[in-house]
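Data first, discussion second: the structure below is written as structure tokens.
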């Protein structure tokens, strides 16, 4: 039996895609191993959303030449978003590479394996899942937006929503394996639509599955935060009271240049609707987009102050080849970007601490993820005073906060 080692770079969707591709390999007689030296096959699932991520994956590929030469018959599979963008030219630079499987073809990965002639016939198998508490289910792939800085539409393709019956089948499988929290994934996950079933409907369907204790999702787009969706999140106790909503900027000018499809007021209205429903909101923010002035940056700070995000991932603008923003000339000087990023990070740190501090004195339902730690519905980490059973949902009194962790009674 051939053994396969999986190396995944990038987002949670890549983790889910790796599990799906591993399932196709297992169905053809392979078995996963955690020891790369013991492996006959390496599956490298890649990310290209930022230049650094792509370089990291390609550099890893280069180092595999010695691994392959050490034993006859070894196979290297380079998959995912970087594979989609770079395509067949990879084999010119890395002739030892056996299979290239781009992100647009994940659903046909089994066919790619069969066409290679390197594997036996499919004999059944399943998506491989490892988690015992939280796991991911992809509900849609691709993106129909054309944000000026984003390469995802070109490497993932247009939106394709999976049938609810397939999604629920995966959920049932995970629950049978002990998973308690389901995280629904999609590039613009709340744009989900399948034969009259929208994302709010899907959330309720997943939450209704016996054994599901909590449902989360990522990454939503602000334009699809609808009153119906807000009401479902508010009223269904199994749906997490936390939404990670990428804002990207608080400047109307920058948002327009980014082609995000909303202005700062619309964005803040969506955030306030969620917060009024008892939902904690975190975000992504890009600093130093070409043409960003001091005034634009101050508008972002104003949005952050008004939204009071519970957390934020803050990034320096990174131009990606094959995107409109890559050709823009009016770059913000690196020193200025660093200064702005430092200001923003300090502000976010304070807001995150305030979100944790505000939970002190409250009773919270916490899903136990490790014997001594778990997360609230609002995605705040809690430490327990005594050992708990992973997978249980416990109600605790929050006694204190250190700004990054809650301590319970």
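Numbering (my numbering), first residue to last: 1345 to 1753.
Even for Gly, the Cβ is constructed at its ideal location relative to N, Cα and C.
| Item | Value |
| --- | --- |
| Residue 1391 - DSSP class collapsed to helix/strand/coil | coil |
| Counterpart residues of residue 1482 in DSSP-defined beta bridges | 1529 |
| Length of the line joining the Cα atoms of residue 1723 and residue 1699 | 10 Å |
| Beta-carbon proximity list for residue 1714, same chain, < 8 Å, skipping 5 on both sides | 1734 |
| CB-CB length for residue 1503 against residue 1488, believed under 8 Å | 5 Å |
| Beta-carbon separation (whole angstroms), residue 1423 vs residue 1462, contact threshold 8 Å | About 14 Å separates the two Cβ atoms, so there is no contact after all. |
| Length of the line joining the Cα atoms of residue 1575 and residue 1621 | 8 Å |
| Coil, strand or helix - residue 1494 by DSSP | coil |
| Same chain only: Cβ atoms within 6 Å of residue 1751, ignoring 5 sequence neighbours per side | 1727, 1743 and 1744 |
| CB of residue 1476 within 8 Å of CB of residue 1360, strictly | no |
| Backbone secondary structure at residue 1565 - three-state DSSP | coil |
| Segment contact flag, the region 1621-1640 with the region 1673-1685, C-beta cutoff 8 Å, min 3 pairs | yes |
| Distance CB(residue 1354)-CB(residue 1414) smaller than 8 Å | no |
| Local conformation of residue 1613 per DSSP, three classes | helix |
| Closest residue to residue 1649 among 1543, 1616 and 1683 (Cα-Cα distance) | 1616 |
| Assigned exposure category for residue 1588 - 16 Cβ within 10 Å defines buried | buried |
| Local Cβ density within 10 Å of residue 1443, reported as buried at 16 or more and exposed below that | buried |
| Cutoff 6 Å; reference residue 1753; Cβ partners in own chain excluding five residues on either side | 1741 and 1743 |
| Range covered by the alpha helix (DSSP H) that runs through residue 1700 | 1678-1701 |
| Boundaries of the beta strand (DSSP E) in which residue 1658 is found, first to last residue | 1655-1660 |
| Where residue 1378 falls: helix, strand or coil (DSSP) | coil |
| Where residue 1639 falls, given that 16 or more other Cβ within 10 Å makes a residue buried | exposed |
| Identity of the residue in 1513, 1497, 1480 and 1707 nearest residue 1664 by Cα | 1497 |
| C-beta contact flag for residue 1534 and residue 1568 at 8 Å | yes |
| Distance, residue 1399 Cα to residue 1352 Cα | 14 Å |
| Alpha-carbon spacing of residue 1747 relative to residue 1701, whole angstroms | 6 Å |
| Span separating the alpha-carbon of residue 1539 from that of residue 1694 | 44 Å |
| Beta-carbon proximity list for residue 1536, same chain, < 7 Å, skipping 5 on both sides | 1483, 1484, 1505, 1530, 1542, 1543 and 1546 |
| Beta-carbon proximity list for residue 1625, same chain, < 7 Å, skipping 5 on both sides | 1587, 1589, 1615, 1618, 1619, 1651, 1653 and 1654 |
| Helix, strand or coil at residue 1644 [DSSP, three-state] | helix |
| Residue 1446 - DSSP class collapsed to helix/strand/coil | strand |
| Per-residue burial, residue 1374 [other beta carbons within 10 Å of its own, 16 or more giving buried] | buried |
| Residue of 1669, 1572 and 1661 minimising C-alpha distance to residue 1601 | 1669 |
| Assigned exposure category for residue 1389 - 16 Cβ within 10 Å defines buried | buried |
| Rounded separation between residue 1376 and residue 1662 - CA only | 35 Å |
| 6 Å CB neighbourhood of residue 1450 in its chain, flanking five on each side removed | 1361 |
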